Ligand code: PEP
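Residue numbers (our numbering): 75 to 347.
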């Protein structure tokens, strides 16, 4: 009898629709070191109104830490959740100027951004520090958003896959399943952050698929298929739809455009093809 060769599944071919994969899109605003408490309050109030009718996606804002408790009061009970931009790896201690996971959690946060390229560049954060911070976040009951991404020099030298693979392997390995399921990855090519240069949807998709492949090697394929991988780097109202149409792009980490309620609410209301 003729031997039948198994046909690749839609998932193996990489064409399975995101909607069937149960990855809830996440649109996250990183306010960086912008907005005083009254300005944060005003932005959160305006955004709350503009996104009130949005469902089927998670909306996140990450104000400066000094404004977290105020913003938490404003968005309580709405479809917007709260995140911090950084945390310390220790639970508590003599670390002047730092904030711990338990403090961030108590301020009303669900998420925390870890290893943003600005923290790697200006504050010397290594993959080891990122890994320690990720573990601290999970211990505190927070969902970590771990940022990875190559510099322009690394891309031009064709080292971008190598760099991102190292950041993933050294940054997010050794998690138990329950913790792994809370992990979010943000791919942010450094050359695209705050520069107005966005990775093309094809460039971003290529790296997102690569990251998912590395995750499936470290963990396994079904777990890697559950992980949300966000794109960050000059995300704007006019490029979000094409980025979100890519099969492995599950959301955005948005800097500049998250500081304007009208722009961020349009990003949140993206329409994928
Ligand atoms: C960011 O802050 O992570 C970011 C991607 O910034 P921007 O959207 O301004 O490039």
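Don't be surprised by glycine CBs; every beta carbon is placed ideally from N, CA and C.
Values in this document were obtained by computation on a predicted structure and should not be read as measured data.
- In this structure, the straight-line span from the alpha carbon of residue 196 to that of residue 188 is close to 14 Å.
- When the five nearest sequence neighbours on each side are left out, the beta carbons in the same chain lying within less than 7 Å of the beta carbon of residue 228 are those of 234 and 237, in order along the chain.
- Looking at 331, 221, 252 and 338, the one whose alpha-carbon comes closest to that of residue 285 is 221.
- In the DSSP assignment, residue 261 is bridged to 222 and 305.
- Residue 249 carries a coil assignment under DSSP once its states are collapsed to helix, strand and coil.
- The beta carbon of residue 111 is closer than 8 Å to those of 140, 141 and 144 in its chain, skipping five residues each way along the sequence.
- 8 Å or more divides the Cβ of residue 324 from the Cβ of residue 279.
- Taking each of 167, 163 and 137 in turn and checking the Cα distance to residue 155, the smallest one comes out for 137.
- Taking 7 Å as the cut-off, the C-beta of residue 248 does not count as close to any heavy atom of the ligand PEP.
- Taking the CA atoms as reference points, residue 328 sits about 32 Å from residue 167.
- Taking 8 Å as the cut-off, the Cβ atoms of residue 97 and residue 302 count as close.
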